[in-house]
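Colleague:
Residue numbers (our numbering): 287 to 407.
1) Would DSSP call residue 330 helix, strand or coil?
2) Considering Cα atoms alone, identify which of 372, 354, 399 and 403 is closest to residue 389.
3) DSSP three-state call for residue 313: helix, strand or coil?
4) Which term fits residue 386, buried or exposed, when burial requires 16 or more other beta carbons within 10 angstroms of its beta carbon?
5) Count the other CB atoms, across all protein chains shown, that sit within 10 Å of the CB of residue 305; report buried if there are 16 or more and exposed otherwise.
6) So for residue 356, helix, strand or coil by DSSP?
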């Protein structure tokens, strides 16, 4: 699903621990086919930091509100289960910015800027 929706594909040795180490997850199944068509996860320490990751909707199911549904659910879980004062972050690709902004996310720059260190092995 990652690759079909435009995210970078991951190997099984990456996917297994990633899924097991998630704090919350949500997926949407198309009733007619049984196919998972949308997903999202939250990783975090359960106390303060929560990071929204793996937000994806298959191309044939985009523009139907599924991304909004997944993100709303994940934020509801954080609101219900995380202690007050949770810090919720994400990295927004250009196409996802409008969705995240509708849910109250704002650009953190210049106060802080996202940085990455990618293992090129």
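Cβ atoms here follow ideal geometry from the backbone N, Cα and C, with glycine treated the same way.
Modeller: Reading from the atomic positions:
1) strand
2) 354
3) strand
4) buried
5) exposed
6) helix
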